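A.B. asks: Residues 116 to 324, numbered by the numbering used here, are exactly what the sequence shown covers, in order.
Shown below is the structure under consideration.
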Amino acid sequence: MGLFSSIFKKQADKSKAGGMEDYMTLVRVYFQATLAANLGITNLAMLPDLRTYKTTLRIPTQNNKLGLGEKSHCRKMLKELYKTDDDFFKEIDASIRRNCHKLQDVQVYLVQFQNFTQDLMMLMGNLMKFKLRLPSFFKKAIYTMTQRTINDIFNKNDFSDAGVLKTVGSIRQYNKRLGFSQKWVTDFVFQVVMLAKKEPRPEEKTNKG
């Protein structure tokens with residue numbers, strides 16, 4: 116992983132830091148740190164990404180409460196590396212407050228978020244197809260297309276493909292529980308799409324190997 120090999124180890128090779136996988140890891144760390152801080156979780160085994168982040172970067176526990184210092188540190192990294200705005204964090208905080216009131220809620224919530232993002236990215240790839248091949252410098256156009264596709268996923272009901280319709284239904288159900296706005300979902304997907312475009316393609320990796 117770029118994040119653990121580069122950023123976590125004194126940014127030994129900055130060219131590998133900040134990729135798609137790193138972004139997803141940091142987002143998961145932010146979720147897990149918020150859960151720890153809100154629910155007073157002390158068992159790091161419940162939150163594997165947070166445990167790796169905390170131990171690798173040696174982040175001290177703030178005010179004897181797990182999650183506070185880690186959340187602040189992770190938020191700073193997301194802002195610096197990906198220019199993530201405050202509203203993105205506010206929506207995550209609100210979603211967790213709404214859904215997680217006791218320890219038993221944590222795993223259910225994390226699984227729901229994971230399934231939501233997997234279904235969402237799979238469907239986006241299916242619906243946008245060739246549009247995703249646009250070069251990265253068409254940033255504005257890619258954002259607009261992402262925005263339109265997300266709007267379709269949340270509001271359009273006449274998809275002809277039964278598989279697409281089923282996935283759309285499941286994404287809407289997950290998001291009904293998670294409570295993210297269409298803007299949050301658009302920004303999240305757009306960030307992943309733009310980072311994915313920078314990743315080397317499988318044939319490029321093979322050639323380098």
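A virtual CB, placed ideally from N, CA and C, is assigned to each residue, including glycine.
It should be emphasised that the depicted structure is a prediction, and the values quoted were computed from it without experimental measurement.
Report the rounded CA-to-CA distance for Met243 versus Met236, giving the unit in angstroms.
C.D. replies: Approximately 10 Å, taken between the alpha carbons.
A.B. asks: Here's a check: name, in chain order, each residue in its chain whose Cβ is nearer than 8 Å to the Cβ of Pro175, leaving out the five neighbours to either side.
C.D. replies: The residues are Gly184.
A.B. asks: Buried or exposed, going by whether 16 or more other CB atoms sit within 10 Å of the CB of Leu218?
C.D. replies: By the 10 Å Cβ count, Leu218 comes out exposed.
A.B. asks: At 4 residues or longer, and completely inside the segment 222-304: list those alpha helix (DSSP H) runs for me, N to C.
C.D. replies: Taking only runs of at least 4 residues, the alpha helix (DSSP H) segments lying wholly in the segment 222-304 are 254-270, 277-293.
A.B. asks: Compare the C-alpha of Met260 against each of Arg292, Leu293, Asn270, Thr301 and name the closest.
C.D. replies: Closest by alpha carbon: Thr301.
A.B. asks: Please name the residue, chosen from Gln147, Thr282, Ile156, that lies closest to Phe231 on a Cα-to-Cα basis.
C.D. replies: Per the Cα distances, Thr282.
A.B. asks: Tell me whether Lys313 sits in a helix, a strand or coil according to DSSP, three-state version.
C.D. replies: In this structure, Lys313 counts as helix in the three-state DSSP scheme.
A.B. asks: Closest by CA to His216, which one among Asp201, Gly134, Ile265, Thr149?
C.D. replies: Checked all of Asp201, Gly134, Ile265, Thr149; the closest Cα to His216 is Thr149.
A.B. asks: Please tell me whether Gln147 and Leu159 are closer than 7 Å, where the distance is taken between their beta carbons.
C.D. replies: Contact flag unset, no.
A.B. asks: Verify whether the separation of the beta carbon atoms of Gly277 and Met135 is less than 7 Å.
C.D. replies: Here residue 277 is Ala; the residue named in the question, Gly, does not match the sequence. Taking 7 Å as the Cβ cut-off, Ala277 and Met135 do not qualify as a contacting pair.
A.B. asks: Let me know if Glu206 comes out buried or exposed under the rule of 16 or more other beta-carbons within 10 Å of its beta-carbon.
C.D. replies: With 16 or more other Cβ atoms within 10 Å, it is buried.
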